[in-house]
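Number of protein chains: 2
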Amino acid sequence: MSTLTYAEENYLKAIYHLSDGGKKGVSTNDISGEMKTKPASVSDMLRKLGDKAVIEYRKYYGVHITEEGKKLALQTIRKHRLWEVFLVEKLKFSWDEVHEVADELEHIKSRILIQRLDEYLGFPKFDPHGDPIPDEYGDVRTRPRLPLNELDLHATGQIVAVKDSSAAFLRYLDKVGAYIGARIKVTDMVEFDGSIEILVDNKKSIFMSKDVAGNILVMQ
Amino acid sequence: MSTLTYAEENYLKAIYHLSDGGKKGVSTNDISGEMKTKPASVSDMLRKLGDKAVIEYRKYYGVHITEEGKKLALQTIRKHRLWEVFLVEKLKFSWDEVHEVADELEHIKSRILIQRLDEYLGFPKFDPHGDPIPDEYGDVRTRPRLPLNELDLHATGQIVAVKDSSAAFLRYLDKVGAYIGARIKVTDMVEFDGSIEILVDNKKSIFMSKDVAGNILVMQ
DNA sequence: TTTATGTTTTAGGTATATCTAAAATTAAAA
DNA sequence: TTTTAATTTTAGATATACCTAAAACATAAA
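One line per chain: the protein sequences are A and B, in this order.
Taking our numbering, the leading residue of the first sequence gets 1, the next gets one more, and so forth.
Taking our numbering, the leading residue of the second sequence gets 1001, the next gets one more, and so forth.
Structure representation (structure tokens):
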């Protein structure tokens, strides 16, 4: 029942993401890369998180997140994504501007604040990048989705999320006119390099590389 | 141009308030009392704030805030008060619940966030306790105001702020029906102990001690 | 003017979160 | 199976922000 510091919360969130929601083990080096800190610092932190029982830590063999850790990580993710919705829906931020600010806001600790914010936003189920917002109890409403590059020729679908939410990628999507919720159809495929052409909302044609398509998630 | 840590921002804000906006010098003990830290910790911090040129620090003789320090303190106060407005106006917090949360939110550093929040709230000039919100440049729109206990018998005025914004005091005001914006008239005064009776909005009579009246600020 | 009192600072210590450099361990290659 | 390479941990520093206990200082009282 011990509470986490800001830094501990950040590490735990990184471990949660790297472990694909607790499914895989995570190495010190992976965490070091994600957190932009040195492996030595990660080792220190893993000992602390192990002591607080939010991860299971076996020296030299990486870590697994515990159920308690998963719960705490999901709370942080919930806050992050709710603040992102607030920034985009209410303060008119664009979806490529929200990450850094939400990274700070997610650490504000007030249960009632998050409950009221959730209510104020109309209990949104997804953030501006299409990622699901866990509820108060950590339950996540997932929807089946697959990378756009895995669709067949002439298949239709709807963009529901992005895998890469870097500002550069999101601005590119803005530029070409791709957005969450857009209805799309694969109108052409280039065998050679896997690039494709899609029709957005039966109006606009977009040509994109396999790399780009792989970072767009669709629901069929 | 160095930036301040959270702790430094908090100390600077305390010094700003204790010095009455930079008008008076402030002692180590005063700061210690306000910050609920030991005088020894304050001495440490004063050295740091002096190094960063936001205060002028002469050992054993207390501190004065510098122009640069005043500017930074006003930025923090601006953020604090804007977030308080947000919490009350948008998230339906009561005015006695907002302080702790705003104390965390005030440290989020994003210029654009505060600009957008200000705009979203309709550029409010006063927070829920009636305190003025400095603009982007640190300019404060003050309005002449005096403690309610200094009004003459039969004088009228309007409640514009509270001096004490502790939850206990604010809940008491809620209970008796006093609020920011209320039009009042002094209908009786007790010479002996300075307690008074006021009529609120020509409807409701409230009897209050001199102590309470002294913490209510009115505009005539 | 010396003494006593209260205030303030310094010295040294703790906890967090980072780092570098060196040592330990695992895993892969010869 | 031994050596090598890569990963990971430990040891020892640094910076922040606090603490306690002791020393230094300013001021008010005798």
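Backbone N, C-alpha and C define an ideal beta-carbon position, used for all residues, glycine too.
Beta-carbon gap between residue i and residue j smaller than 8 Å
i, j, result
"Tyr120 (chain A)", "Lys1079 (chain B)", "no"
"Leu1072 (chain B)", "Val1054 (chain B)", "yes"
"Lys52 (chain A)", "Ser2 (chain A)", "yes"
"Leu1074 (chain B)", "Ala1161 (chain B)", "no"
"Thr1142 (chain B)", "Pro1134 (chain B)", "no"
"Gly50 (chain A)", "Leu12 (chain A)", "no"
"Asn215 (chain A)", "Lys163 (chain A)", "yes"
"Ala1040 (chain B)", "Pro1147 (chain B)", "no"
"Ser1165 (chain B)", "His1099 (chain B)", "yes"
"Ile1206 (chain B)", "Gly1177 (chain B)", "yes"
"Val101 (chain A)", "Leu117 (chain A)", "no"
"Lys38 (chain A)", "Glu8 (chain A)", "no"
"Gly1138 (chain B)", "Ile1159 (chain B)", "no"
"Tyr1210 (chain B)", "Asp1193 (chain B)", "It should be noted that the sequence gives Lys, not Tyr, for residue 1210 (chain B). It is a contact, given that the beta carbons lie within the stated cut-off."
Among the options, the one whose alpha carbon lies nearest that of residue i
i, options, result
"Val186 (chain A)", "A:Gln220, A:Ser165, A:Lys175, A:Pro132", "A:Gln220"
"His1154 (chain B)", "B:Ser1032, B:Asp1188, B:Leu1146", "B:Asp1188"
"Ile1065 (chain B)", "B:Lys1059, B:Glu1034, B:Glu1097, B:Ser1019", "B:Ser1019"
"Glu1104 (chain B)", "B:Ser1165, B:Thr1076, B:Arg1183", "B:Thr1076"
"Ile1015 (chain B)", "B:Leu1004, B:Tyr1006, B:Met1035, B:Leu1173", "B:Met1035"
"Val1026 (chain B)", "B:Leu1151, B:Ser1166, B:Gly1062", "B:Gly1062"
"Leu170 (chain A)", "A:Gly21, A:Leu4, A:Pro128, A:Arg116", "A:Pro128"
"Lys1059 (chain B)", "B:Val1088, B:Thr1028, B:Glu1084, B:Gly1033", "B:Thr1028"
"Arg183 (chain A)", "A:Ser110, A:Gly157, A:Val176", "A:Gly157"
"His1017 (chain B)", "B:Glu1008, B:Ile1031, B:Tyr1006, B:Ala1007", "B:Ile1031"
"Glu136 (chain A)", "A:Ile114, A:Leu151, A:Val85, A:Glu150", "A:Ile114"
"Ile1112 (chain B)", "A:Pro144, A:Met45, A:Val190, A:Glu97", "A:Glu97"
"Lys204 (chain A)", "A:Val190, A:Glu56, A:Tyr179, A:Ile108", "A:Tyr179"
"Thr5 (chain A)", "A:Met45, A:Glu84, A:Gly122, A:Gly21", "A:Met45"
"Phe123 (chain A)", "A:Val85, A:Gly21, A:Gly130", "A:Val85"
"Lys23 (chain A)", "A:Ile108, A:Glu67, A:Lys92", "A:Glu67"
"Gly21 (chain A)", "A:Val140, A:Val42, A:Lys125", "A:Val140"
"Val1190 (chain B)", "B:Ala1168, B:Leu1173, B:Asp1152", "B:Asp1152"
"Asn1010 (chain B)", "B:Tyr1172, B:His1107, B:Gly1033", "B:His1107"
"Asn149 (chain A)", "A:Lys92, A:Met208, A:Tyr172", "A:Met208"
Residues that residue i bridges to, as DSSP identifies them
i, result
"Arg1183 (chain B)", "B:Gln1158"
"Leu146 (chain A)", "A:Val218"
"Met208 (chain A)", "A:Ile196"
"Asp1044 (chain B)", "BP columns for Asp1044 (chain B) are empty, so no partner."
"Phe126 (chain A)", "A:Pro132"
"Ile1065 (chain B)", "B:Ile1055"
"Met189 (chain A)", "A:Ile196"
"Val176 (chain A)", "Beta-bridge pairing links Val176 (chain A) to no other residue."
"Val26 (chain A)", "A:Val63"
Short of 8 Å Cβ to Cβ, which residues in the stretch 1004 to 1020 of chain B face chain A? none
Members of the stretch 106 to 121 of chain A that neighbour chain B once the beta carbon cut-off is set at 9 Å: His107, Ile108, Lys109, Ser110, Ile112, Leu113, Arg116, Leu117, Glu119, Tyr120
Against chain A, which members of the stretch 1079 to 1110 of chain B pass a CB distance test of less than 9 Å? Leu1087, Lys1090, Leu1091, Lys1092, Phe1093, Glu1097, Glu1100, Val1101, Glu1104, Leu1105, His1107, Ile1108, Lys1109, Ser1110
Unbroken alpha helix (DSSP H) runs of length 4 or more, entirely within the stretch 1069 to 1106 of chain B: which are they? 1098 to 1105
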